[in-house]
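Student: Structure below; questions to follow.
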Amino acid sequence: MASEIDLTGVEDDLNKLQEDEHVRKALDEGVDLRAYSNAIEAQLREAEDDAIQQFIQNSDCVADLFFEIQTCDAILGSMETMLKGFQESLGGISADIKTLQTKSLSMNVKLKNRREAEKKLSQYIQAVVVSPTLVKAIVEGPIDERYVNHLVQLNAKIEYVRNPPPKMQGTAAQSLAATSQQIETLRKQAISRVRQFLIDKIKSLQDSKTNIQNKQSMLLRYKYFNEFLSEHDQAVAEEIRTFYTATMSALLSNFFQGYISDINNKLRAKKLEPLTVADKTDLLCTEISRSGGLFASKKTEQHVVNVHTLGDRNLVLSETSGSPLLRHGKQGGGRPIGYEDIWNCLLHLLVNTAASEFVYLHEFFNNRNLFTVAFEKTIGLFTSNLEQYLATSYDIIGIILAVRVCEVQRNTLNKKRNNASVHCLDSMFDRFARLIWPRFKTVFDMHLASIASLKPTSVEVSANAVCNLTRRFAALCHSLVALNAPPLTQEEFLRTSLSRLRNDFISALNQISTSLPAGSSRLVFLINQLEYITLALQPYPGSDEFAAFDQLSVQHVAAYADTALSLVDDFRKMMTYVKSEAADATAASAVVRGFASRWRQGIESVSADICNGQFSGGGADKRWEDIVLKGVLTQLLTHYQKFDEVIRSQIKSSNPILEELVPIQTVVYEIKRRIRN
72 MASEIDLTGV EDDLNKLQED EHVRKALDEG VDLRAYSNAI EAQLREAEDD AIQQFIQNSD
132 CVADLFFEIQ TCDAILGSME TMLKGFQESL GGISADIKTL QTKSLSMNVK LKNRREAEKK
192 LSQYIQAVVV SPTLVKAIVE GPIDERYVNH LVQLNAKIEY VRNPPPKMQG TAAQSLAATS
252 QQIETLRKQA ISRVRQFLID KIKSLQDSKT NIQNKQSMLL RYKYFNEFLS EHDQAVAEEI
312 RTFYTATMSA LLSNFFQGYI SDINNKLRAK KLEPLTVADK TDLLCTEISR SGGLFASKKT
372 EQHVVNVHTL GDRNLVLSET SGSPLLRHGK QGGGRPIGYE DIWNCLLHLL VNTAASEFVY
432 LHEFFNNRNL FTVAFEKTIG LFTSNLEQYL ATSYDIIGII LAVRVCEVQR NTLNKKRNNA
492 SVHCLDSMFD RFARLIWPRF KTVFDMHLAS IASLKPTSVE VSANAVCNLT RRFAALCHSL
552 VALNAPPLTQ EEFLRTSLSR LRNDFISALN QISTSLPAGS SRLVFLINQL EYITLALQPY
612 PGSDEFAAFD QLSVQHVAAY ADTALSLVDD FRKMMTYVKS EAADATAASA VVRGFASRWR
672 QGIESVSADI CNGQFSGGGA DKRWEDIVLK GVLTQLLTHY QKFDEVIRSQ IKSSNPILEE
732 LVPIQTVVYE IKRRIRN
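What follows is the structure, encoded as structure tokens:
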């Protein structure tokens, strides 16, 4: 029997029952499961009976709910039928809308085609039909700003006739052919009237009472006339351009010629004071007589110095608008007029006129090449004026100023150009430079030749004074250095020329100094000349000339210092001992004691010798004495420092003679006390 009982799944059922909270509680409490099962079944029957009773009690409500559900179902069925009807109606409306869309698209295409046809027809009528109003305006109407609009309309008709739309045929082609002759006649009449109008206006520029700029401004309103002529009659357009450039060329050249003549007349009439400048007899080394005058000349020495002095002549480079003396046509400020002033004023007027005319030619004719033709005579006049000046000028300062004025005015023009470029004036300035620099070289070489031909014995010299030749050279060198200093362009040719002049002059000075007794006199003479030149160049410490002369002056002062110190016995012995390199304690003691007892008197003697007027350049200027005195005493200090070093290295520290050495600081203090600067 046991083998027939199937216990499959019992274990799983037991596991599930254990998971139930109530069963697990009953098992934990040891309840009788059979009794517990019967109790549960009784509870279930009781709950079932209660549910049946509740349903019986609420049967009326259930019946009402059933009827309501049937009613709702009927309503929903009716709504479904109605919505299907709506769906069928909407389908019909959608078809109607599609039909309307198709018709609307068709109407839009037709409208677009009609408008396009209307536009083309309107364009054709406007392009072909010549109204009586336009004919009368072109043939008889006044030529004013409204005439420009009439020409624009006529130009459009001419272009349409010359370049009709492709595939034109039928009536349109016939009507176009019929009106083309009338349009051609109007074109010729318009060209004729515009040509005469422009010629009359250009002729009016020649009136002496006419303000040319005002006339040009008025003509700019009709610049379309040139465009019309250029497009429809090149020959007439070229005639107008040629007539304008010829007229302006004559006006400009006459104006500048008259301006130059007016300045020259005022100079001749002494209304403007001319500047006295160098001529061919005012070379750097014009031979000087013993009395100080000039052979074959009654000019004073001061005149020769003055004509090589820059003075305030370089003020012209800051007067970029031209000399106020020339602008107002009267003398003022007490400054004489040099060629550089005239040249500056002329170039200023030319630059302003050229810049204005260049812009005008571009705006009115749209042709910048006309500028060269219009200004050819004027530039030729300027070139001729410059050539005449250079041919007879020996004023090397004026020649350099002429090229510097070109540089300044060229820079002024560059600032006015903006996006334009007046190339013609660039070439003009280059041409002027090619004229000026060769003349500068010619005159400069004449100065060098005068140095080479100088006879040293013809120069009256004094060791204690600056000779006339040095004064001339200092004035000329200062002028040339000043005109080659920033902010001006540094010309390599001018720098090289100055170097040649410097070397030749130094050689001449050395030759001239041989007329003095050998020794300190020659050194004093050379120092006076070199210091004079160095002080003249002091405003330009960065120049090669200042550096060269300053270095040469220092070298000569050092040479003079040894000579001057050798005149003092104690100083000479000290320097001799250092040079001998002999370790002689007895001789060293004698030198130390001699220096210690009389070194102040020695300095006093040297100072007195230097400050006795031999280094004042023949005047009351004490700066040179200070420079020489400083150099000599500095040299003394250098020698004494070497002497102190030699003595201390040769003599034992126990030797009492070391205590008699004058402390170096004491010597330094005394030297500083005696040097004023």
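Here the sequence shown stands for residues 72 to 748, where the numbers follow my numbering.
We treat Cβ as the ideally placed atom computed from N, Cα and C, and that holds for glycine.
1) How should S568 be labelled, buried or exposed, when 16 other C-beta atoms within 10 angstroms of its C-beta is the threshold for buried?
2) For L354, tell me which candidate among E716, W670 and V514 has the shortest Cα-Cα distance.
3) Determine the DSSP secondary structure at H408, reduced to helix, strand or coil.
4) Return the first residue and the last residue of the alpha helix (DSSP H) that V537 is part of.
5) Among L257, P727, K286 and I470, which residue has its Cα nearest to the Cα of D271?
6) In this structure, how does DSSP classify P345 when only helix, strand and coil are distinguished?
7) What residues in its chain sit with their C-beta under 7 Å from that of F642, if we drop five residues either side in the sequence?
8) Got a sec, what are the start and stop residues for the alpha helix (DSSP H) E230 sits in?
9) I think S550 touches L381, with their Cβ atoms under 8 Å apart; what is that distance to the nearest whole Å?
10) Below 8 Å between beta carbons: does that hold for H710 and V625?
11) Just how far apart, CA to CA, sit A691 and D466?
12) Under the rule that 16 or more other beta-carbon atoms within 10 Å means buried, what is I698, buried or exposed?
13) Since F314 and I273 should fall inside the 8 Å C-beta cutoff, what is the C-beta to C-beta distance between them, to a whole number of angstroms?
14) Could you tell me whether the region 503-510 touches the region 457-477, using the rule of 3 or more Cβ pairs below 8 Å?
15) Ordered along the chain, which non-local residues of its own chain (more than five positions away) have a Cβ less than 7 Å from that of Q721?
16) Runs of 4 residues minimum, wholly inside the region 607-659: which ones carry the alpha helix (DSSP H) assignment?
17) Once the 5 residues before and after Y295 are set aside, which same chain residues still bring their CB inside 6 Å of it?
18) Using only the alpha-carbon positions, how far apart do I123 and R116 sit?
19) Once DSSP output is grouped into helix, strand and coil, what is the label at G403?
20) Which two residues bound the contiguous alpha helix (DSSP H) that contains N574?
21) Alpha carbon to alpha carbon, how far is P213 from F436?
22) Drop a sphere of 10 angstroms on the beta-carbon of L580, count the other beta-carbons inside from all chains shown, and report buried for 16 or more, exposed for fewer.
23) Report the rounded CA-to-CA distance for F503 versus L417, giving the unit in angstroms.
24) Write down the C-beta distance between L587 and A534 rounded to the nearest angstrom, noting that I regard them as a contact closer than 8 Å.
25) Could you say if the region 332-339 and the region 456-463 meet the contact criterion of at least three C-beta pairs nearer than 8 Å?
26) Considering Cα atoms alone, identify which of Q712, L572, V307 and A261 is closest to V739.
27) In angstroms, rounded to a whole number, what distance separates the CA positions of N456 and R566?
28) Check the C-beta distance from A546 over to H379 and give it rounded, since I have them as a contact under 8 Å.
29) List the endpoints of the continuous alpha helix (DSSP H) containing F314.
30) Let's test the definition: count the other Cβ atoms within 10 Å of the Cβ of C143 and tell me whether it reaches 16, buried, or not, exposed.
31) Below 8 Å on the Cβ atoms is my guess for I632 versus V703; work out the distance and round it to an integer in Å.
32) If we define contact as Cβ-Cβ less than 8 Å, is R439 a contact residue for chain C?
33) Return the CA-CA distance between N577 and V422, expressed in angstroms with no decimal places.
34) Specify whether the region 428-446 and the region 338-356 touch according to this definition: at least 3 beta carbon pairs, one from each stretch, less than 8 Å apart.
35) Could you tell me if V532 is buried or exposed, where buried requires 16 or more neighbouring beta carbons within 10 angstroms of its beta carbon?
Tutor: On the basis of the supplied data:
1) Classification for S568: buried.
2) The alpha carbon of L354 has as its nearest neighbour, out of E716, W670 and V514, the alpha carbon of V514.
3) The sequence given here places Ile at residue 408; His does not occur at that position. Of the three classes helix, strand and coil, the one that applies to I408 here is strand, per DSSP.
4) Neither: V537 is in no alpha helix (DSSP H) and is coded neither H nor E.
5) Of L257, P727, K286 and I470, the residue nearest in Cα terms is K286.
6) DSSP, read as helix, strand or coil, puts P345 in strand.
7) For F642, where only same-chain residues beyond five positions count, the Cβ hits under 7 Å are L636, G673 and L707.
8) First-last of the alpha helix (DSSP H) with E230: E216 to R233.
9) With a beta-carbon spacing of about 4 Å, S550 and L381 fall inside the 8 Å limit used to define contacts.
10) Cβ atoms of H710 and V625: not closer than 8 Å.
11) Note that A691 has pLDDT 49, beneath the 50 cutoff, so the model's placement of it is unreliable and no number is given.
12) By the neighbour-count rule (16 or more Cβ atoms within 10 Å), I698 is buried.
13) Going by Cβ atoms, the distance from F314 to I273 rounds to 6 Å, so yes, they are a contact pair.
14) Three or more Cβ pairs closer than 8 Å define a contact, and the region 503-510 meets that threshold against the region 457-477.
15) Excluding five sequence positions before and after Q721, the CB atoms of its chain that fall closer than 7 Å to its own CB belong to A654 and A659, given in chain order.
16) Whole alpha helix (DSSP H) segments, 4+ residues: 615-637 and 640-651.
17) Its chain contains V219 as the residues whose beta carbon lies nearer than 6 Å to that of Y295, once the 5 sequence neighbours on both sides are disregarded; these appear in chain order.
18) If you draw a straight line from the Cα of I123 to the Cα of R116, it is about 11 Å long.
19) Legend: pLDDT at G403 = 48, less than 50; position of this residue unreliable, value from coordinates given subsequently. Reduced to three states, the DSSP call for G403 is coil.
20) Boundaries of the alpha helix (DSSP H) around N574: E563 to S584.
21) In a straight line, the C-alpha of P213 is about 23 Å away from that of F436.
22) Burial of L580 is indicated by the presence of at least 16 other C-beta atoms within 10 angstroms of its C-beta.
23) The alpha-carbon atoms of F503 and L417 are separated by roughly 13 Å.
24) Rounded, the Cβ-Cβ distance is 6 Å, consistent with contact.
25) They do not touch, by the three-pair rule.
26) Distances from the CA of V739 to each of Q712, L572, V307 and A261 were compared; the closest alpha carbon is that of Q712.
27) Going by C-alpha positions, N456 is about 28 Å away from R566.
28) In this structure, A546 and H379 form a Cβ contact; the two beta carbons are roughly 4 Å apart against a cut-off of 8 Å.
29) Counted as a single uninterrupted DSSP element, the alpha helix (DSSP H) harbouring F314 occupies residues Q305 to R339.
30) It is exposed - the Cβ of C143 has fewer than 16 other Cβ atoms within 10 Å.
31) The question names Ile, yet the displayed sequence has Ala at residue 632. Going by Cβ atoms, the distance from A632 to V703 rounds to 4 Å, so yes, they are a contact pair.
32) Chain labels in this structure do not include chain C; a single protein chain is all it has.
33) Asn is not the amino acid found at residue 577; the sequence shown has Ile there. When rounded, the separation of the alpha-carbon atoms in I577 and V422 is 43 Å.
34) Between the region 428-446 and the region 338-356 there are fewer than three C-beta pairs closer than 8 Å, too few to call the two in contact.
35) With 16 or more other Cβ atoms from the protein chains shown falling within 10 Å of its own Cβ, V532 counts as buried.
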